[in-house]
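Structure, as structure tokens:
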Amino acid sequence: MATPTHIGHRDPGDGSYNPGLQTGIAPVTRDNQLYTVFIAPLDATCTLGSGSEQYGQDVYSRSPLSGLIGFWNTSSQITVTVSSSDVPGAPAITKTWNDLAVNQAITLPVLGFVARASVTTECQVSVTDGTNTFQTSVTLAALPPTDSQAGITNGFPQIQVNQVAAEVDVGDDLYYAVIAPTRAFIAFDRQANVRWYVVAGDPVNTPELCLPTYNNVRLSDGTFIGSDDHLQQYYTPADLGANEPLGQRELWRFDATGRVYGVYFIRDRAHHSLYELPGENALLYASDYISARNSGEGPNPDNANQGPTSEDCIAILDLTTGFESVYYDLRSIMNFWRTPVPLDLSIPNTYDWVHLNQVVFDSNTGLLIASCRHQGAVVGIDRETGELRFICANHDDWQATETGDITTDWSDLLLTPVNPDTGLPCDLSDPVQKAEADRHFWTWGQHNVQVIGSAAGSNVIEFSVFNNGNFRTRDMSLGVVASENASRCARYRVDPDSREVMKLSEYGETEVGATGYSPYVSTASFFNFQGDSAAPRLLANFGGSNFQQNADYATGLPVTLEPGYSDRLDPADDLLATFQGRVILQEVDLTTITPLFEIEMTSGAYKSPEGDETDIRRVDLYSFRAYKMPLYA
602 MATPTHIGHR DPGDGSYNPG LQTGIAPVTR DNQLYTVFIA PLDATCTLGS
652 GSEQYGQDVY SRSPLSGLIG FWNTSSQITV TVSSSDVPGA PAITKTWNDL
702 AVNQAITLPV LGFVARASVT TECQVSVTDG TNTFQTSVTL AALPPTDSQA
752 GITNGFPQIQ VNQVAAEVDV GDDLYYAVIA PTRAFIAFDR QANVRWYVVA
802 GDPVNTPELC LPTYNNVRLS DGTFIGSDDH LQQYYTPADL GANEPLGQRE
852 LWRFDATGRV YGVYFIRDRA HHSLYELPGE NALLYASDYI SARNSGEGPN
902 PDNANQGPTS EDCIAILDLT TGFESVYYDL RSIMNFWRTP VPLDLSIPNT
952 YDWVHLNQVV FDSNTGLLIA SCRHQGAVVG IDRETGELRF ICANHDDWQA
1002 TETGDITTDW SDLLLTPVNP DTGLPCDLSD PVQKAEADRH FWTWGQHNVQ
1052 VIGSAAGSNV IEFSVFNNGN FRTRDMSLGV VASENASRCA RYRVDPDSRE
1102 VMKLSEYGET EVGATGYSPY VSTASFFNFQ GDSAAPRLLA NFGGSNFQQN
1152 ADYATGLPVT LEPGYSDRLD PADDLLATFQ GRVILQEVDL TTITPLFEIE
1202 MTSGAYKSPE GDETDIRRVD LYSFRAYKMP LYA
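Every number in the working numbering is 601 more than the matching position in the sequence shown, counting from 1.
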């Protein structure tokens, strides 16, 4: 039988499909002009320490905790330090540049200011070459208001600090959290002080000042790139179909000072997963390809989502041009007839059967590793040929077809789980072993797959994933309810030759439990502290927790996103009661299983859910992406 395969080309590279990189639109031309004006006065008299340097705070009006300094440079080495006399416990943030150009005007970003809730904060700036120094003090405004403070629904998060850390334990890198919908992209130091942030902005009145606060990633040159639903003022495809949602078609590229360098116009939404292909100046991403499907055609388990299919394509974008170089259609690679678990009804009249939410590349094996949320599957796809190489998922229902005739032997692609207690392959024909694998081994509704290890010349792949845990079974009537569930950060090892998969480690089941249960979004990043394999760490972002007030639950009753669709209906859930979203961000020492750093973020205001009892959707505050990385790239 044929191996499921697809690789295609739909963008001729002439602007007729993807319009590509735009540098002549208002956000870019405005910022270019501001920069030109900023550096215009700089000449050979404006050396460091002369008093004629140029300094500006938030030059581009998008990044309040950033500055820009310009001067005539005479030294190859410059050090910038930002500290705060008002918050002496906030670590000073220092950046030293080496090999700078001399005898010419230069500009440098100044980062690391501190902002607090409800009060202003005084910060000090020092820029020195070791002999000559520029110094200034800056008063930073209070953080933007929360929902409860301002009576809004897209305010700054309310931050609860549970654990802070010392430099010796976690280093100097900052904790970044992208807080949605249309809220903020924030960086915290190890003492949980806010040291940098941008907000979504006002797309109606000042669209040129907006930035993405949803699907953001930092590129190797230090800039950020991201997409968001509210970024739709500058491009909408002329041939937009009736069932295609707006937004997520403008990829904004910007730096930590808030300067926008370009906006990529793309035909198909970049709703999930942006991943830079190292050394290729290209972006691998999950594309919301709205493929043709007539109403009434194909599987329809919920009797509602008729129309095109969505979120079922992988694409590669050339970052030089903004044109698409190749795409992979999962309707041909995966089994379109296998029904989805969980379900998502957020986009009417589309069939979201696979919900591709992350794709990364393993250069050692040449495989694209993709997370297919609604299939509960992590799969490997050959980048060069588009062939499906393995499926890491529950084994049920893969032989489903439109006609009942078997056309693909999916069993050849399905991996067998290894029992962690015996080291032997599980016998999935044994109902007890199968139930155990469903409950504790397989991923369900997962997000944020990442390759974390594979040796050159070996086919073995190690990946990590945030295992959301929706239902924990394909039988939605028997699924685990939110108040008894837990999301888990897990590591797996895949051996394509033996067709086996082993779970190496897991965190969250007992350590965080139902309080952190996140039926959607979230991230898990496994790493070694300072590169030391004897100091394994985890950045855990339980980013999609929802809770209701309930006297029986000290931290609130955990509730799901879409009752009955994202999880089984919970008898404890008061369907129409108000709720809040919650994000729990931790750095965990995996040797001691101890959080070294932990904050919780909520909106600060309970909301009523959208819809009625038959179709409730709870979205308040969540985090799709979180990172630990330096403030300066």
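Even for Gly, the Cβ is constructed at its ideal location relative to N, Cα and C.
Tell me which same chain residues have a C-beta within less than 8 Å of the C-beta of Thr-1215, skipping the five on either side of it?
-> none
Quick one, are the C-beta atoms of Val-961 and Leu-931 less than 8 Å apart?
-> no
Alpha-carbon to alpha-carbon, Leu-1140 and Leu-820 = 19 Å
Distance, Cα to Cα, Tyr-865 vs Gln-1051?
-> 25 Å
Closest Cα partner of Val-660 within the set Gly-859, Gly-1157 and Asp-983 | Gly-859
Cβ atoms of Phe-1225 and Val-779: under 8 Å apart, would you say?
-> yes
My guess is that Asn-674 and Ile-707 are in contact by the Cβ rule of under 8 Å, so how many angstroms apart are they, rounded?
-> 5 Å
Can you tell me the Cβ-Cβ gap for Asp-998 and Arg-1075, rounded? I've got them flagged as a contact below 8 Å.
-> 6 Å
Glu-985 versus Glu-1003, Thr-966 and Phe-991, residue with shortest Cα-Cα distance = Thr-966
Identity of the residue in Val-728, Gly-713 and Asp-770 nearest Ala-1195 by Cα | Sequence check: residue 1195 is Thr here, not Ala. When each option's Cα is compared against that of Thr-1195, the closest is Asp-770.
Is there contact between the segment 1063–1075 and the segment 1013–1032, where contact requires at least three CB pairs shorter than 8 Å?
-> no
Nearest-angstrom Cα distance between Gly-897 and Arg-850?
-> With a pLDDT of 49 at Gly-897, under the threshold of 50, the predicted position of this residue should be treated as unreliable, though the coordinate-derived value follows. Roughly 28 Å separates the two Cα atoms.
Under three-state DSSP, which class holds Val-992?
-> First, the amino acid is wrong: residue 992 is Ile here, not Val. Correct three-state label for Ile-992: strand.
Quick one, which of Gln-976, Pro-620 and Ala-1206 has its alpha-carbon nearest Thr-1044's?
-> Gln-976
Under 8 Å between the Cβ atoms of Glu-1201 and Val-1189?
-> no
Which residues mark the beginning and the end of the alpha helix (DSSP H) in which Asn-633 is found?
-> 627–640
Could you say which of Asp-1031, Asn-936, Gln-1187 and Leu-847 lies nearest to Gln-1000 if we only look at CA atoms?
-> Asn-936
Pull up the DSSP beta-bridge partners for Thr-1017, would you.
-> Glu-1101
Give the DSSP-derived three-state secondary structure of Trp-1011 in the structure shown.
-> helix
When you compare only the Cα positions, how much space is there between Pro-1097 and Ser-1059?
-> 10 Å
Along the beta strand (DSSP E) that carries Lys-696, what are the first and last residues, could you check?
-> 694–698
Measuring alpha carbon to alpha carbon, tell me which of Ser-1146, Asn-1142, Arg-854 and Val-1066 ends up nearest Glu-1107.
-> Val-1066
Beta strand (DSSP E) segment containing Pro-1196, residue limits = 1195–1203
Entirely within the segment 950–991 and at least 3 residues each: give me those beta strand (DSSP E) ranges in chain order.
-> 957–963, 968–973 and 978–983
From Leu-878, His-831 and Gly-863, residue whose alpha carbon lies closest to that of Arg-870 | His-831
Over what stretch of residues does the beta strand (DSSP E) that includes Arg-796 continue unbroken?
-> 795–800
When we look at the beta-carbon of Asn-901 and count the other beta-carbons within 10 Å, is it buried (16 or more) or exposed?
-> Confidence at Asn-901 is low in this model, with a pLDDT of 45, below 50, so its placement is unreliable and the value that follows should be read with caution. Asn-901 should be labelled exposed.
Give me the Cβ distance between Phe-786 and Tyr-776, rounded to the nearest whole Å; I'm assuming they're in contact under 8 Å.
-> At roughly 12 Å, the Cβ-Cβ gap does not stay under 8 Å, so Phe-786 and Tyr-776 are not in contact.
What is the DSSP secondary structure of Val-561, counted as helix, strand or coil?
-> This structure cannot speak to residue 561, because the chain is shown only from 602 to 1234.
Is the Cβ-Cβ distance between Leu-712 and Val-688 less than 8 Å?
-> no
Opposite Ile-826 in the DSSP bridges: which residues?
-> Val-818 and Arg-854
Take Ala-905 and list the residues in its own chain whose beta-carbon comes closer than 7 Å to its own, dropping the five residues that flank it on each side.
-> Any reading at Ala-905 must be qualified, since the residue scores a pLDDT of 42, below 50, and its modelled position is unreliable; the value itself is stated next. Same-chain partners within the cutoff: Leu-946.
Among the residues of its own chain, which have a CB less than 6 Å from the CB of Trp-698, if the five just before and after it don't count?
-> Ile-679
State the CB to CB distance for the pair Glu-723 and Thr-734, rounded to an integer number of angstroms; the pair is presumed to be in contact (CB under 8 Å).
-> Actually they do not touch by this definition, with Cβ atoms about 19 Å apart.
Under 6 Å Cβ to Cβ from Arg-1169, same chain only, skipping five residues before and after it: list those, please.
-> Gly-1080 and Val-1082
Are Pro-665 and Ala-743 touching if we call contact CB-CB under 8 Å?
-> no
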